[in-house]
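Protein chains: 2
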Amino acid sequence: MTQLESARAGKLTPEMKLIAENERVDAGVLLDRIAAGRVVIPKNVNRDQRSPRGIGEGLRVKVNANIGTSADFPDLEPELEKLQAALETGADAVMDLSTGGDIVAIRKEILARCPVQVGTVPIYEAAVSIIEEKGSVVDMTEDDLFACIERQAREGVDFITVHCGVTRESISRLQKEGRVTDVVSRGGAFLTCWMLANETENPLYTRYDDLLEIAREHDVTLSLGDGLRPGSIADATDRAQVQELIILGELVQRAREAGVQAMVEGPGHVPLDQIAANITLQKRLCDGAPFYVLGPLVTDVAPGYDHITSAIGGAVAAMAGADFLCYVTPTEHLGLPTTADVREGVIAARIAGHAADIVKGVPGAAEWDREMSQARKALDWKRQMELAIDPVKARVLREKRTTTSEEACSMCSSYCAMKVVEEYLDSRKNAKQGIL
Amino acid sequence: MTQLESARAGKLTPEMKLIAENERVDAGVLLDRIAAGRVVIPKNVNRDQRSPRGIGEGLRVKVNANIGTSADFPDLEPELEKLQAALETGADAVMDLSTGGDIVAIRKEILARCPVQVGTVPIYEAAVSIIEEKGSVVDMTEDDLFACIERQAREGVDFITVHCGVTRESISRLQKEGRVTDVVSRGGAFLTCWMLANETENPLYTRYDDLLEIAREHDVTLSLGDGLRPGSIADATDRAQVQELIILGELVQRAREAGVQAMVEGPGHVPLDQIAANITLQKRLCDGAPFYVLGPLVTDVAPGYDHITSAIGGAVAAMAGADFLCYVTPTEHLGLPTTADVREGVIAARIAGHAADIVKGVPGAAEWDREMSQARKALDWKRQMELAIDPVKARVLREKRTTTSEEACSMCSSYCAMKVVEEYLDSRKNAKQGIL
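Here's what the structure looks like:
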């Protein structure tokens, strides 16, 4: 049984119990949300995933880190370092997006070492092996693609991005739209080419029942990909994007009917004032399915800083109801990220998620901030470092800008406001005068 | 005449003409907004400021970089380097917050070298010299403070932060509130101590007319400081903060009556869902005065990343109407920033401001993003680098993660979505088939 089927049968799985405990939510409430498809627990039955996480309504916003090789950087070792960096900085999920080197061996290592959920985009492997073998993705057969998906499901991949909504209908809308950046999703691009060259429909759409069968057998969560997501501010929330989302909403419904867990991927590049509308639309069209956003980036002009442009968009999206943030690193739009970039990317996305958790009343979120501020007020540096979202970086920066005063920091030194005012304000407080 | 008085007299100053041209706004509209006090042009009559900027309604969101020494880092040279870094990365204003070394000499150098507006917090100099001389800020006289303000005005400082709203009334509200972090503003802390120790009212409030006289004579823009701004998420938008804001609103009115330009400073640390309300409140209570926000930081737990926590808050604030963002660097809460931190801080704040400019329809903002995306689609790397908000960093990252393909980047290498799809999608487009 999938987690969804268990929930519907009223059966609490060990994963549900653990998540309810970790997130301090009532197990019965969690069970109801999973049964309704509003929370998913990506966990393949074939893999021993030591630290399962739930994604969706009422839970802490989760963060995914994309790692994986490219043709230019095909080696395994750096990717294992990135995996370690992602885990150390608190990623809740890791996607292996490898397209270079020995893709199968790399995935195997990542699956073996990663205690949290692992996702993939199976068409990457399918497309790359066909391109290497025959020179073009258009020579891929439908069976090539489904065989690859099934193999990955057997290996234990917990969730897969499948661009089922890139259909003849949505591509037609894209062509009528006249976009600035057309298709920016790799998977979406492979499928679009394949469909146009072969003059046929997307097999992930036509054979969606086959996909559901594989997903159900191994309890692979479908992450319904937005292959036509906007790749620029100018293209945001256009007819092609919304057409694809409508189709994805229908596919969420079919997944649920088949007992398969499903979430939906979203943009992308979105101007600040359209973000909340995007979340509302997705939640409505997809009947409350967990929403996994890839950014959104609130401007196109900041290569080198897209961890920041996406932290802004991610925070606003998460406040509006997005459940799962795909990190973006400083190297986005410029190259494959380094290990240091992975650290920056995970922390930036976690900041965005946490800022939303505070205002959504997620258990423990506001308390964390309160504790930090109490430590700050007490000038308790040891505690501040322990509570920092990245204790390593906080310590490095404090040591680098060392101070002569053990109490204050080198910005204000002896003129620290909290230190200066304490004596006067507190003596008054203690005297309970209450007025001056 | 101050810029405000000129505008009221219907007289376009050279600064107004330049700003109208640079910002592509109608000069008459700009003049009306200045006359109404909804736009300010901080420019001291005693200083040759080569690049004046307007702050307020309908204009591009501006960014301020705080530089200046502390007791732990008292040297001039690093601060001049930071000035250079702030200007190179596009700061619209610089505040010299020096509290260490030869404060007067440092300010003189910064004023001489800085082509954009320079702000200060005069009470820093007044307090530090009294502390050095007599051991405690409480020994400062009212005349000490006013003499310092007048001296700085004569020297050419363009705007000054004056915490006029830290009154017996607002401190009393603070004491009743029971905050987590009490007072986190240095100027606010100095004044609070002084008032409590001397059992008297804030001279910046009681002698506000004297302050207005100095400001009017030299056309120094008053930046009405929020000495009681919240320093933690838990304290945001509390009664003490709002009490001070009410008082600042009254003082904006009096400044306008005296022909003095005024803007209002705002928080601080604010949870995401309270930011828009803060802007609405300030704009209403202060009759549309330009709003200068110090953050806001959307979480307390991220020392080392407060350029990001503040970029999130700053973007949301600016979208809601904040006009002027004070940058925050990665070293906030840990120490005095380095030159590298200044760069990061300015760019993060500029990203926040620009994300808001896009949605506010500021002339040129969305066009910048469109051009970047067109360059991306064309895989025109030269143009992408030129258009990057930080061309230096974008180039470094691209070179570091170099690629075998001149066209694509090393993330996707030959599988670049835009490259992959172009051939198929464009051939269809060119054939004007419109459907598949």
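Sequences listed follow chains B and X, in order. So the first sequence is residues 0 to 435, counted in numbering that gives the first Met the number 0. So the second sequence is residues 0 to 435, counted in numbering that gives the first Met the number 0. C-beta: ideal position from N, C-alpha, C; glycine also.
Interface residues of chain B facing residue i [CB-CB closer than 9 angstroms]
i	result
X:His-353	Val-297, Thr-298, Val-300, Ala-301
X:Val-28	Correct list: empty, because the minimum Cβ distance to chain B is about 23 angstroms.
X:Ala-365	Ile-232, Ala-233, Pro-270
Chain-order list of residues whose beta-carbon lies under 8 angstroms from that of residue i (same chain, five-residue window excluded)
i	result
X:Arg-238	Arg-172, Lys-175, Glu-176
X:Gln-432	Only weak support is given to the placement of X:Gln-432: the predicted model assigns it a pLDDT of 42, under 50, and the question is left unresolved by the model.
X:Arg-455	The structure shown does not extend to residue 455 of chain X, since chain X spans only 0 to 435, so no value can be given for it.
X:Thr-402	Cys-408, Ser-409, Ser-412
B:Leu-437	Only positions 0 to 435 of chain B appear in this structure, which leaves residue 437 of chain B out of reach.
Exposure of residue i, with buried meaning 16 or more beta-carbon neighbours within 10 Å
i	result
B:Gly-363	exposed
X:Ser-231	buried
X:Gly-55	buried
B:Lys-16	exposed
X:Ser-97	buried
X:Thr-205	exposed
X:Gly-9	exposed
X:Glu-132	exposed
B:Pro-13	exposed
B:Lys-381	exposed
X:Pro-436	Since the first and last residues shown for chain X are 0 and 435, residue 436 of chain X lies out of range.
X:Arg-32	buried
X:Lys-399	exposed
X:Arg-283	exposed
X:Glu-385	exposed
X:Asp-25	exposed
X:Arg-104	For clarity, residue 104 of chain X is Ala in the given sequence; the question names Arg instead. When all chains shown are included, X:Ala-104 counts as exposed.
Interface residues of chain B facing residue i [CB-CB closer than 8 angstroms]
i	result
X:Cys-411	Ser-69, Thr-98, Arg-185
X:Asp-272	Met-318, Val-358
X:Gly-334	Leu-396, Arg-397, Lys-399, Arg-400, Thr-401, Thr-402, Cys-408, Ser-409, Met-410
X:Gln-260	Those do not exist, as X:Gln-260 stays about 27 angstroms from chain B at its closest Cβ, beyond 8 angstroms.
Own chain, CB closer than 7 angstroms to residue i, minus 5 neighbours either side, in chain order
i	result
B:Ala-387	Ala-393
B:Gly-258	Thr-1, Leu-3, Glu-4, Arg-215
Nearest to residue i (by Cα), restricted to the options the options
i	options	result
B:Asp-305	X:Asp-234, X:Gly-89, X:Arg-382, X:Ile-346	X:Ile-346
X:Cys-415	B:Ala-354, B:Gly-224, B:Cys-192	B:Cys-192
X:Gly-67	X:Gly-226, X:Phe-189, X:Gly-100, X:Glu-200	X:Gly-100
X:Ser-372	X:Val-219, X:Leu-30, X:Gly-134, X:Met-417	X:Met-417
B:Pro-51	B:Tyr-326, B:Leu-247, B:Thr-220	B:Thr-220
X:Tyr-326	X:Glu-22, X:Asn-21, X:Leu-11, X:Asn-63	X:Asn-63
B:Lys-61	B:Glu-22, B:Leu-210, B:Ala-84	B:Glu-22
X:Arg-352	B:Thr-308, B:Ala-126, B:Asp-208	For clarity, residue 352 of chain X is Gly in the given sequence; the question names Arg instead. Checking every option, the nearest Cα to that of X:Gly-352 belongs to B:Thr-308.
Contact set for residue i: own chain, Cβ-Cβ below 6 angstroms, skip 5 residues either direction
i	result
X:Ala-430	Only weak support exists for where X:Ala-430 lies, its pLDDT of 45 falling under 50; the coordinates are left without a value.
B:Leu-435	Model confidence at B:Leu-435 stands at a pLDDT of 39, short of 50, so the residue's coordinates are unreliable; what they give is reported in the following sentence. No residues qualify anywhere along the chain.
X:Pro-266	Arg-228, Pro-229, Pro-295
X:Tyr-123	Thr-98
X:Ala-70	Gly-99
X:Leu-247	Gly-164, Leu-223, Val-263
X:Asn-65	Met-94, Leu-96
X:Ala-319	Ala-275, Ile-278
Contacts that residue i makes with chain X (C-beta to C-beta distance below 8 angstroms)
i	result
B:Asp-368	Ser-231, Ile-232, Ala-233, Thr-298, Asp-299, Val-300
B:Phe-290	Ordered by position in chain X, no residue passes the 8 angstroms Cβ test against B:Phe-290, which lies about 17 angstroms from the chain.
Contacts of residue i in chain X (Cβ-Cβ under 9 angstroms)
i	result
B:Phe-189	Tyr-414, Ala-416, Val-419, Val-420
Cross-chain neighbours of residue i in chain B, by beta carbon under 7 angstroms
i	result
X:Ser-309	Under the 7 angstroms cutoff, chain B gives no residues; its nearest Cβ is about 10 angstroms from X:Ser-309.
X:Pro-329	Leu-396
X:Lys-81	In chain order: nothing, as chain B lies at least about 13 angstroms away.
X:Lys-392	Gly-303
Beta-carbon neighbours of residue i, restricted to chain X and to distances below 7 angstroms
i	result
B:Ile-346	Tyr-304
B:Gln-373	Val-179
B:Phe-72	Ser-409
B:Tyr-423	Thr-191, Cys-192, Leu-195, Ala-196
Residue i: CB within 7 angstroms of a non-hydrogen atom of the ligand SAH
i	result
X:Leu-210	The ligand SAH is not among the ligands present in this structure, which contains no ligands whatsoever.
### Query
At a cut of 8 angstroms, does the region 144–163 of chain B reach the region 380–394 of chain X through at least three beta carbon pairs?
These segments do not touch.
### Query
Can you find at least 3 beta carbon pairs, one from the region 292–304 of chain X and one from the region 334–342 of chain X, that sit closer than 8 angstroms?
In this structure the region 292–304 of chain X does not touch the region 334–342 of chain X; the number of beta carbon pairs closer than 8 angstroms is below three.
### Given 8 angstroms, three or more beta-carbon pairs between the region 33–46 of chain B and the region 285–292 of chain B
Enough Cβ pairs lie closer than 8 angstroms, so yes.
### Cβ contact (3+ pairs, closer than 8 angstroms) linking the region 177–193 of chain X and the region 371–387 of chain B
Under the 8 angstroms Cβ criterion, the region 177–193 of chain X counts as touching the region 371–387 of chain B, having at least three qualifying pairs.
### Message
Is it the case that the region 73–80 of chain X contacts the region 42–51 of chain X, given that we only count it when at least three CB pairs across the two stretches are under 8 angstroms?
### Response
Under the three-pair Cβ rule at 8 angstroms, the region 42–51 of chain X does not count as touching the region 73–80 of chain X.
### Query
Between the region 234–254 of chain X and the region 193–202 of chain X, are three or more C-beta pairs nearer than 8 angstroms?
The region 234–254 of chain X and the region 193–202 of chain X do not touch, with fewer than 3 CB-CB distances between them shorter than 8 angstroms.
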